[in-house]
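Heads up: the structure comes next, in structure tokens.
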Amino acid sequence: MVAAIVACFVIGYIVIVFEHPLRLDKTVPALLMGAVCWALLSLGFNAGTLEVVNTEGEVFNMFNSVSGHAQEFGHAGAHEVAEEGFVGTLLHHLGKTAEILIFLIGAMTIVEIVDLHRGFDVLKGWVRTRNKKKLLWIVGALGFILSAIIDNLTATIVLVTLLRKLVPDREERIWYVALIVIAANAGGAWSPIGDVTTTMLWIGKRVSTAGLMEFLIVPSLVCFAVPFVIASFLKPFQGNLATVVLTEAEEEEQGRLLSSKTMLFLGLGMIVFVPIFKTLTHLPPYLGMMLSLGVVWLVSEYIHPEEDFTEERKVQYSAHKALSRIEMSSILFFLGILMSVAALETVVVNGVGSLRAVAESLRSVIPNEDIVIVVLGFLSAIIDNVPLVAASMGMYDLGTHPIDARLWHFIAYSAGTGGSMLIIGSAAGVAAMGMERIDFIWYFKKIAWLAFVGFAAGAVTFLVIETAFNLGIEH
1 MVAAIVACFV IGYIVIVFEH PLRLDKTVPA LLMGAVCWAL LSLGFNAGTL EVVNTEGEVF
61 NMFNSVSGHA QEFGHAGAHE VAEEGFVGTL LHHLGKTAEI LIFLIGAMTI VEIVDLHRGF
121 DVLKGWVRTR NKKKLLWIVG ALGFILSAII DNLTATIVLV TLLRKLVPDR EERIWYVALI
181 VIAANAGGAW SPIGDVTTTM LWIGKRVSTA GLMEFLIVPS LVCFAVPFVI ASFLKPFQGN
241 LATVVLTEAE EEEQGRLLSS KTMLFLGLGM IVFVPIFKTL THLPPYLGMM LSLGVVWLVS
301 EYIHPEEDFT EERKVQYSAH KALSRIEMSS ILFFLGILMS VAALETVVVN GVGSLRAVAE
361 SLRSVIPNED IVIVVLGFLS AIIDNVPLVA ASMGMYDLGT HPIDARLWHF IAYSAGTGGS
421 MLIIGSAAGV AAMGMERIDF IWYFKKIAWL AFVGFAAGAV TFLVIETAFN LGIEH
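Take the sequence shown: its position 230, counted from the start at 1, is 230 in full-length UniProt numbering, and no numbers get skipped.
Written out as structure tokens, the structure is:
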């Protein structure tokens, strides 16, 4: 039965990887994979052929659980106790997954409310150059900063939309878009709200906000800066843009609403407030995101985007409209992926959870954990980094690697930035690929080496900083 669960996961994952050739939304195999894995696990447990590990690390199956409680509750009652233990484990994993999903729904809704009020159009006024090299650094810096606040996927979408207005020539524009993918992924790696994987590690109490910023902001800056320095000397970024970059002031004003600036700064501010809320209250991040969404929603109900604002126009800028625009398919994809990984984490192999067994096997083959995590970074360019990070959280114990341990910081960096090496390796890359029809081979030939150099430079910087920090503690 363990083989069947693993086979289900592998087959489902292969279908997800080849979603484009199969023309099948990756949410479908993810949901099927999550449900079938738990169904197989339940069948095996109830038949007594599978053992599971609960949230306290206790290993049990139907028979040894029944024998342990049979004298106290009777045979039928002992069966109920065993089933309750299994269901309790399932509910625990569902609860941890729901924390991430609620957090993401809140963040995505806030961003959509800001977008409905054309808040991101304000960014156009910040770009006042026709020089290609300067424009590269301006949009790159915006990508790095914005991705740390509104996540790398949303930052990429916003900046690609902005570039369409600044660089009409698609052949010139795709170079900027490809470099934005690198900047956005690097910026998302050092923020707990900048990437789904760092959010998972943060909510799972593997990293803290202060720990991420302290140890990852410099490596992330290096990962962003090195490719941009090299790109500055490449031919596509020499000279000036052939067309006028800046729009007329009148057209610029027409593109904004009375509420644009207010909603932009309120939305970004309330998202940044979430880690502060967690630090002050010690409550889970999703509660802070609920509070932030409530505040933004409240303001959006009473603010006037236009001079002659009628009740009929109100629906166009409402939170209800924003909720209809968020990608629920992505939320359901994460649900399927995280629950299927939870099933692998729960099923027992060699006396421990199967993911923990994989970690022990890797440790025996590759004793250096840093090498394992670098490999994870390369894998994240091919395989979605969400299940990779979810698996790593199940592979390594908080007892051995407590919060803000070097391992978790390096996983956050590698999984977050390694995906830049291929256009399909990150959510930001996939979004850019879809919006600008960027060819996989073109990106591989022109951009992959820049992303690799940045990833390697940042990884070396991280290891140097961590080594120096540990030596300082020892002395």
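Where is the CB? At the ideal position from N, CA and C, for every residue including glycine.
Opposite Phe440 in the DSSP bridges: which residues?
Taking the first residue of the sequence shown as 1, we reach residue 440 at position 440. DSSP lists no partner for Phe440.
Note the first and the last residue of the continuous alpha helix (DSSP H) segment covering Ile235.
Position 235 of the sequence shown, counting from 1, holds the residue named residue 235. Going by the sequence as given, residue 235 is Lys instead of Ile. That residue, Lys235, is in no alpha helix (DSSP H); it is neither H nor E in DSSP.
Using only alpha-carbon positions, find the residue among Glu171, Val226, Met395 that is nearest to Trp442.
Taking the sequence shown and counting its residues from 1, the one referred to as residue 442 is at position 442. Closest by alpha carbon: Glu171.
Hey, would you say Ser300 sits closer than 8 Å to Ala319, going by beta carbons?
For the purposes of this step, residue 300 is taken as the residue at position 300 of the sequence shown. For the purposes of this step, residue 319 is taken as the residue at position 319 of the sequence shown. Yes, the Cβ-Cβ distance between Ser300 and Ala319 is below 8 Å.
Does DSSP put Asn131 in a helix, in a strand, or in coil?
In the sequence shown, counting from the first residue as 1, residue 131 sits at position 131. Correct three-state label for Asn131: strand.
Any idea if Lys132 is buried or exposed, counting beta-carbon neighbours within 10 angstroms, 16 or more meaning buried?
Translated into positions along the sequence shown, residue 132 becomes position 132. Buried: at least 16 other Cβ atoms inside 10 Å.
So, does the region 179 to 192 touch the region 423 to 437, judging by three or more C-beta pairs under 8 Å?
The region 179 to 192, when compared against the region 423 to 437, does touch it at the 8 Å Cβ threshold.
Can you tell me whether Gly88 is helix, strand or coil according to DSSP?
Here residue 88 refers to the residue found at position 88 when the sequence shown is read from its first residue. In the structure shown, Gly88 sits in a helix (DSSP, three-state: H, G or I).
Please work out which residues of its chain come closer than 7 Å, Cβ to Cβ, to Val218, disregarding the five sequence neighbours upstream and downstream, and give them in chain order.
For the purposes of this step, residue 218 is taken as the residue at position 218 of the sequence shown. The answer, listed in chain order, is Thr461, Ile465.
Residue range of the alpha helix (DSSP H) that Asn185 falls in?
Looking up residue 185 in the sequence shown gives position 185. 170 to 189 is the span of the alpha helix (DSSP H), which, as asked, contains Asn185.
Between which two residues does the alpha helix (DSSP H) harbouring His320 extend?
The residue you call residue 320 lines up with position 320 of the sequence shown. Element bounds for His320: 319 to 325.
For Ala468, is the classification buried or exposed, using 16 other Cβ atoms within 10 angstroms of its Cβ as the cut-off for buried?
On the sequence shown, residue 468 is found 468 positions in, with the first residue counted as 1. Classification of Ala468: exposed, given that the 10 Å Cβ count is below 16.
Note down, in chain order, each residue of its chain lying with its Cβ closer than 7 Å to the Cβ of Leu379, except the 5 sequence neighbours on either side.
On the sequence shown, position 379 is the one that residue 379 refers to. Result list for Leu379: Leu388, in chain order.
Give me the residue from Val127, Val177, Leu221 with the minimum Cα distance to Ala148.
In the sequence shown, the residue the question calls residue 148 occupies position 148. Looking at the Cα atoms, Leu221 is the closest of the given residues.
Compute the Euclidean distance between the alpha carbons of Leu216 and Ala412, then round it to the nearest angstrom.
If you number the sequence shown from 1, residue 216 lands on position 216. If you number the sequence shown from 1, residue 412 lands on position 412. Cα to Cα, Leu216 sits roughly 9 Å from Ala412.
What three-state label does DSSP hand Glu252 in the structure shown?
Looking up residue 252 in the sequence shown gives position 252. Low confidence applies to Glu252: its pLDDT is 48, below 50, so where it sits in the model is not reliable, and the reading given next is rough at best. Glu252: helix per DSSP, three-state reduction.
Roughly how many angstroms lie between the CA atoms of His117 and Leu283, to the nearest whole one?
Residue mapping note: residue 117 aligns to position 117 of the sequence shown, counting from 1. Residue mapping note: residue 283 aligns to position 283 of the sequence shown, counting from 1. For His117 and Leu283, the distance between alpha carbons rounds to 31 Å.
How many whole angstroms separate the CB atoms of Pro29 and Val10, which I take to be in contact at a CB cut-off of 8 Å?
The count along the sequence shown starts at 1 and reaches residue 29 at position 29. The count along the sequence shown starts at 1 and reaches residue 10 at position 10. Between Val10 and Pro29 the Cβ distance is about 11 Å, and since that is not below 8 Å, they are no contact.
Would Val177 and Leu166 be called neighbours here (beta carbons separated by less than 8 Å)?
Translated into the one-based positions of the sequence shown, residue 177 becomes position 177. Translated into the one-based positions of the sequence shown, residue 166 becomes position 166. No. Outside cutoff.
Given that a residue counts as buried once 16 or more other Cβ atoms are within 10 Å of its Cβ, and exposed if not, what is Gly429?
Your numbering for residue 429 matches position 429 in the sequence shown. So Gly429 counts as buried.
State the start and end residues of the unbroken alpha helix (DSSP H) segment that holds Phe334.
For the purposes of this step, residue 334 is taken as residue 334 along the sequence shown, with counting starting at 1. Start and end: 328 to 346.
Let me confirm a value: residue 478 is counted as buried when at least 16 other C-beta atoms fall within 10 Å, else exposed. Which label applies?
The question about residue 478 has no answer here: the residues shown for the chain are numbered 1 through 475.
Just checking: is the beta-carbon of Phe410 within a distance shorter than 8 Å of some beta-carbon in chain B?
Included in the structure is just one protein chain, with no chain B present.
Go through its chain and collect everything with a Cβ distance to Leu463's Cβ below 7 Å, but skip five positions before and after it.
Walking along the sequence shown from the start, residue 463 turns up at place 463. Excluding sequence neighbours, Leu463 sits near Asp370.
In terms of residues, what are the limits of the alpha helix (DSSP H) holding Glu19?
Numbered from its first residue, the sequence shown carries residue 19 at position 19. It spans 19 to 22 - the alpha helix (DSSP H) in which Glu19 sits, taken as one unbroken run.
Give a yes or no on whether the C-beta atoms belonging to Thr198 and Gly419 are separated by under 8 Å.
Along the sequence shown, one-based indexing puts residue 198 at 198. Along the sequence shown, one-based indexing puts residue 419 at 419. Cβ distance not < 8 Å, so Thr198 and Gly419 don't count as in contact.
For Ala432 versus Thr156, is the C-beta distance shorter than 8 Å?
The residue labelled residue 432 in the question sits at position 432 within the sequence shown. The residue labelled residue 156 in the question sits at position 156 within the sequence shown. Taking 8 Å as the Cβ cut-off, Ala432 and Thr156 qualify as a contacting pair.
If you measure between the beta carbons of Gly377 and Ala186, is that distance less than 8 Å?
Sequence index remark: in the sequence shown, residue 377 carries index 377 (1-based). Sequence index remark: in the sequence shown, residue 186 carries index 186 (1-based). No. Outside cutoff.
Taking buried to mean at least 16 other C-beta atoms within 10 Å of its own C-beta, is Tyr396 buried or exposed?
Start at 1 with the first residue of the sequence shown, and residue 396 comes out as number 396. Classification of Tyr396: buried, given that the 10 Å Cβ count is 16 or more.
What separation, rounded to the nearest whole angstrom, lies between the Cα atoms of Trp175 and Leu159?
Taking the sequence shown and counting its residues from 1, one reaches residue 175 at position 175. Taking the sequence shown and counting its residues from 1, one reaches residue 159 at position 159. Rounded to whole angstroms, Trp175 to Leu159 spans 13 Å at the Cα level.
For Gln71, name the three-state secondary structure that DSSP assigns.
Reading the sequence shown from its first residue, position 71 is the one you call residue 71. Only weak support exists for where Gln71 lies, its pLDDT of 49 falling under 50; the coordinates are left without a value.
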